[in-house]
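Colleague: In short: position in the sequence shown from 1, add 529, done, that's this note's numbering. In this text, a Cβ means the ideal position worked out from N, Cα and C, and glycines have one as well. Can you keep this structure in mind? I'll have questions shortly.
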Amino acid sequence: MRLVPNSLHVKVATLLRAQIFDGDLAPGSFIDEAALCACLKISRTPLREALKVLAAEGLVRHEPRRGSFVNQVTEQDLDEIFPVIALLEGRCAFEAARNASDADISALDTLHTRLREHAQAKRIQGYYDTNYTIHEAIITLANNRWLAQAIADLRKILKLARQQQLYAPGRLEQSLGEHLAIYAALRERDSEGAEAAMREHITRQREALRVLAREQKSRLLA
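Here is the structure:
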C-alpha cells in the first residue's frame with residue numbers, strides 16, 4: 530500500500546481511524562510507528578501528525594517515553610459522555626419533529642421496517658447499521674450544524690463501545706421498542722415526546738453497557 534503526499538497525514542488518520550473502529554487496532558494496543566511507516570511507505574512526520582489528530586478526537590493517547598496507544602473507553606468515560614449525548618440527540622429529535630416533511634416520515638418508516646426485520650432475525654450488525662442510519666437521518670432533519678458537530682465528536686469515542694450494548698440480554702428487542710417510540714413521536718410531530726423518547730433510548734444504551742460490564746467482571750472472577 531502506498532499513499533500519495535497530498536494531505537498525507539489526513540489520509541493516514543482516516544486509515545488508522547478505520548482500523549480502530551474495525552477492531553484491527555484493539556483498545557489499549559500499542560501503535561508501532563516503525564511498522565506502520567514501513568507498511569504505508571511514509572516517513573514518521575505524517576504519521577505523527579495523524580496521531581495528533583486522533584489524539585484530539587480521543588481515540589489515541591500518547592505516553593512519554595512509551596509511545597502511542599489506542600484509547601480504552603472506561604466506565605467513567607461512559608458515565609460522563611452518555612448524559613451529554615442523550616441531551617444532544619434528544620434536542621435533535623425535538624427539532625426533527627418540527628422539521629420533518631411527509632416524505633421524511635415515509636423514509637423513516639422504511640428504515641424502521643428494516644430495523645424491525647433485523648431485530649426479528651437477530652442480525653445485530655444489520656440492526657446496528659440501520660440504527661446508525663436512523664440516528665443520522667434524525668440529526669440531518671434537525672438541521673443544526675452545531676448539534677451535528679458535537680454529536681459527531683462524541684460518537685468517535687462511543688463507537689469504541691456502543692455496538693456492544695446490543696449483546697446485553699433482551700437489549701435488541703428493548704432497543705427496537707425505543708426506536709418505534711421515537712418514530713411514533715416524530716410521525717405525530719410531537720417534539721417534546723420525540724426528545725424524551727430519544728433521551729430514554731440513549732440512557733438505556735448506557736444501562737445495557739453497564740450490565741455487560743458487570744457480567745464480564747463476574748466471568749473474570751469466577
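#1: What residue from 624, 698 and 665 has the CA that sits closest to residue 718's CA?
#2: When you compare each of 622, 549 and 555 to residue 707 by their alpha carbons, which one comes out closest?
#3: When DSSP labels each residue in this structure, what does residue 747 get in the three-state scheme?
#4: Report the rounded CA-to-CA distance for residue 557 versus residue 566, giving the unit in angstroms.
#5: Can you tell me where the alpha helix (DSSP H) holding residue 541 begins and where it ends?
#6: With three or more beta-carbon pairs closer than 8 Å as the criterion, would you say the region 630-645 touches the region 657-666?
#7: Between the beta-carbon of residue 617 and the beta-carbon of residue 676, is there less than 7 Å?
#8: Looking at the unbroken beta strand (DSSP E) that takes in residue 599, where does it start and where does it end?
#9: Cα separation between residue 584 and residue 735?
#10: State the CB to CB distance for the pair residue 644 and residue 663, rounded to an integer number of angstroms; the pair is presumed to be in contact (CB under 8 Å).
#11: Quick test of the definition: if touching needs 3 or more C-beta pairs under 8 Å, does the region 567-575 touch the region 599-607?
#12: State yes or no: is the C-beta of residue 554 within less than 7 Å of the C-beta of residue 613?
#13: Ignoring anything shorter than 4 residues, give me the alpha helix (DSSP H) runs that lie fully in the region 653-707, in order along the chain.
#14: Looking at the strands, I want to know which residues DSSP matches up with residue 577.
#15: Give me the DSSP bridge partner(s) of residue 591.
#16: Buried or exposed for residue 552, going by 16 or more other Cβ atoms inside 10 Å?
#17: Check whether the Cβ atoms of residue 615 and residue 732 lie closer than 7 Å to each other.
#18: Closest by CA to residue 682, which one among 629, 611 and 670?
#19: For residue 559, list the residues DSSP reports as bridge partners.
#20: Please work out which residues of its chain come closer than 8 Å, Cβ to Cβ, to residue 672, disregarding the five sequence neighbours upstream and downstream, and give them in chain order.
Modeller: Straight from the coordinates:
#1: Here residue 718 is taken as the residue at index 189 of the sequence shown, counted from 1. Per the Cα distances, 624.
#2: Position 178 of the sequence shown, counting from 1, holds the residue named residue 707. Taking only the C-alpha atoms, the option nearest residue 707 is 622.
#3: As a position in the sequence shown, residue 747 is number 218, starting the count at 1. Residue 747 carries a helical assignment under DSSP once its states are collapsed to helix, strand and coil.
#4: Numbered from 1 along the sequence shown, position 28 holds the residue referred to as residue 557. Numbered from 1 along the sequence shown, position 37 holds the residue referred to as residue 566. Between residue 557 and residue 566, the C-alpha separation is close to 20 Å.
#5: Counting from 1 along the sequence shown, the entry for residue 541 is found at position 12. Residues 537-551.
#6: Contact holds: three or more Cβ-Cβ distances are below 8 Å.
#7: The sequence position of residue 617 within the sequence shown is 88, counting from 1. The sequence position of residue 676 within the sequence shown is 147, counting from 1. Yes.
#8: Position 70 of the sequence shown holds residue 599. From DSSP, the beta strand (DSSP E) with residue 599 extends over 596-599.
#9: Indexing the sequence shown from 1 puts residue 584 at position 55. Indexing the sequence shown from 1 puts residue 735 at position 206. Those two C-alpha atoms are separated by around 24 Å.
#10: As a working mapping, residue 644 is identified with position 115 in the sequence shown. As a working mapping, residue 663 is identified with position 134 in the sequence shown. Yes, they are in contact, since the Cβ atoms of residue 644 and residue 663 sit about 7 Å apart, within 8 Å.
#11: Flag = no, the region 567-575 and the region 599-607 do not touch.
#12: Within the sequence shown, the letter at position 25 stands for residue 554. Within the sequence shown, the letter at position 84 stands for residue 613. No, Cβ-Cβ distance for residue 554 and residue 613 is not below 7 Å.
#13: Residue ranges of uninterrupted alpha helix (DSSP H) with 4 or more members, entirely inside the region 653-707 and ordered along the chain, are 653-671 and 674-687.
#14: Start at 1 with the first residue of the sequence shown, and residue 577 comes out as number 48. Beta-bridge pairing links residue 577 to no other residue.
#15: Your numbering for residue 591 matches position 62 in the sequence shown. Beta-bridge pairing links residue 591 to 597.
#16: Taking the first residue of the sequence shown as position 1, residue 552 is located at position 23. Counting C-beta atoms within 10 angstroms of its own C-beta, residue 552 has fewer than 16 neighbours from the protein chains shown and is therefore classed as exposed.
#17: In the sequence shown, the residue the question calls residue 615 occupies position 86. In the sequence shown, the residue the question calls residue 732 occupies position 203. In this structure, residue 615 lies near residue 732, with their beta-carbon atoms less than 7 Å apart.
#18: Translated into the one-based positions of the sequence shown, residue 682 becomes position 153. Closest by alpha carbon: 611.
#19: Locating residue 559 in the sequence shown gives position 30, where the first residue counts as 1. Beta-bridge annotation (DSSP): residue 559 is paired with 598.
#20: Indexing the sequence shown from 1 puts residue 672 at position 143. Annotation for residue 672: 624 and 628 place their beta carbon closer than 8 Å to its own, counting only its chain and skipping 5 residues before and after.
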